[in-house]
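Below is one structure, written out as structure tokens; comments come after it.
There are 2 protein chains.
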Amino acid sequence: MKISTKGRYGLTIMIELAKKHGEGPVSLKAIAQANDLSEHYLEQLIAPLRNAGLVKSIRGAYGGYVLANEPAQITSGDIIRVLEGPITPVEGIEDEEPAKRELWIRIRDAVKDVLENTTLEDLANHTDRGESDAYMFYI
Amino acid sequence: MKISTKGRYGLTIMIELAKKHGEGPVSLKAIAQANDLSEHYLEQLIAPLRNAGLVKSIRGAYGGYVLANEPAQITSGDIIRVLEGPITPVEGIEDEEPAKRELWIRIRDAVKDVLENTTLEDLANHTDRGESDAYMFYI
DNA sequence: CAAAATCCTGATTAATTTGATAGGCTTTTG
DNA sequence: CAAAAGCCTATCAAATTAATCAGGATTTTG
């Protein structure tokens, strides 16, 4: 039940682009350095994001990437789906025995709901407002 | 974002035990055959379930396993946590940047809510009531 | 034009997780 | 005792994930 670095780093890239939205292209190098990640690895992740039409690339000196849409129009689900595949706890839910199928569907819909209702704007604008740390308990 | 066969088969075992709850021990062999799974592999999965106190073993001929508690007292979260580890989309949520942390927490809590509110009784009693297949769309 | 910056592509490797297999030991029943 | 069943440990194969490497192509700047 984990999201791999693909989805995590992909989200990192997209949040950086959302923060700089409207300020011209941002290079992968800058994102990689700011987050201490491998630039080459990020290249592998942004390729599918570009193919999916979530970002646009601008080549050449002083080039980089920009979001293809407004941050409010791009959901975390768009990103995770591209990099992690369909949002479902189990492949082929339909083939599962009814008891388990019910559980997988409940989980899938719960996660889907969160991912589709959290946009890049929500994430990029989120400065730590220091809400109660009640959610910080370990489960 | 997938649950591996560990969690899936573990849940299968536990549902079988719930269905036969109160009728004496059920052997792994019977469960393996009924679900066309490898008995040896199931042994690896039931060991942690036993260590966690979710099932009790009865050795010797005509032995097997029984639930350690009533089906209504055991949640799917108990089982998944033992076999898949902590329910969280990311290790070390606390260390994440606030923007992403917020998202991981929302996902974690949504999944946690489903898992902790679905008991073995719910699952074992679930005969296919043929609800609307509206949930069968592909995402 | 030449150099720099950047995107773009493919191949390869390393590490981890998952899934499966084998075999022997122990305990209980009949 | 023999059969049935759990218990335990080790090993291996396959798949996935994570990361690295190498080089090329394109565009902009000066």
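So the sequences go chain by chain: S and V. Read in order, the letters of the first sequence are residues 1 to 139 in our numbering. Read in order, the letters of the second sequence are residues 1001 to 1139 in our numbering. Glycine residues also receive a C-beta, built at the ideal position from the N, C-alpha and C atoms.
Contact check, residue i vs residue j, beta carbons under 7 Å
i, j, result
"residue 79 (chain S)", "residue 10 (chain S)", "yes"
"residue 1028 (chain V)", "residue 1067 (chain V)", "no"
"residue 77 (chain S)", "residue 26 (chain S)", "no"
"residue 93 (chain S)", "residue 104 (chain S)", "yes"
"residue 1121 (chain V)", "residue 1071 (chain V)", "yes"
"residue 15 (chain S)", "residue 115 (chain S)", "no"
"residue 30 (chain S)", "residue 39 (chain S)", "no"
"residue 1045 (chain V)", "residue 1006 (chain V)", "yes"
"residue 3 (chain S)", "residue 1001 (chain V)", "yes"
Which of helix, strand or coil DSSP assigns to residue i
i, result
"residue 46 (chain S)", "helix"
"residue 119 (chain S)", "strand"
"residue 1024 (chain V)", "coil"
"residue 1074 (chain V)", "coil"
"residue 82 (chain S)", "helix"
"residue 1054 (chain V)", "coil"
"residue 107 (chain S)", "helix"
First through last residue of the beta strand (DSSP E) which encompasses residue i
i, result
"residue 29 (chain S)", "First-last for residue 29 (chain S): 28–35, but that is the alpha helix (DSSP H), not the beta strand (DSSP E)."
"residue 93 (chain S)", "Per DSSP, residue 93 (chain S) belongs to no beta strand (DSSP E) and is neither H nor E."
"residue 62 (chain S)", "No beta strand (DSSP E) contains residue 62 (chain S), which DSSP labels as neither H nor E."
Residue range of the alpha helix (DSSP H) that includes residue i
i, result
"residue 1009 (chain V)", "1005–1019"
From the options, residue whose alpha carbon lies closest to that of residue i
i, options, result
"residue 1052 (chain V)", "V:1090, V:1083, V:1111 and V:1107", "V:1083"
"residue 111 (chain S)", "S:55, S:90, S:125 and S:96", "S:90"
"residue 74 (chain S)", "S:119, S:36 and S:107", "S:119"
"residue 96 (chain S)", "V:1035, V:1024, V:1081 and V:1099", "V:1035"
"residue 1021 (chain V)", "V:1055, V:1041 and V:1061", "V:1055"
"residue 1102 (chain V)", "S:98, S:117 and S:50", "S:117"
"residue 99 (chain S)", "V:1125, V:1109 and V:1037", "V:1125"
"residue 1008 (chain V)", "V:1107, V:1106, V:1060 and V:1081", "V:1081"
"residue 69 (chain S)", "S:37, S:106, S:50 and S:61", "S:50"
"residue 61 (chain S)", "S:85, S:106 and S:24", "S:24"
Members of the stretch 1092–1110 of chain V that neighbour chain S once the beta carbon cut-off is set at 9 Å: Using a CB distance below 9 Å, the part of the stretch 1092–1110 of chain V facing chain S consists of 1093, 1094, 1096, 1097, 1098, 1099, 1100, 1101, 1102, 1103, 1104, 1105, 1106, 1107, 1108, 1109 and 1110, ordered along the chain.
Positions along the stretch 25–59 of chain S whose CB lies within less than 7 Å of some CB in chain V: So nothing in the stretch comes that close.
Which residues, in order along the stretch 1065–1078 of chain V, keep a beta-carbon less than 8 Å from a beta-carbon of chain S? Going along the stretch 1065–1078 of chain V in chain order, one finds 1076 with a Cβ nearer than 8 Å to chain S.
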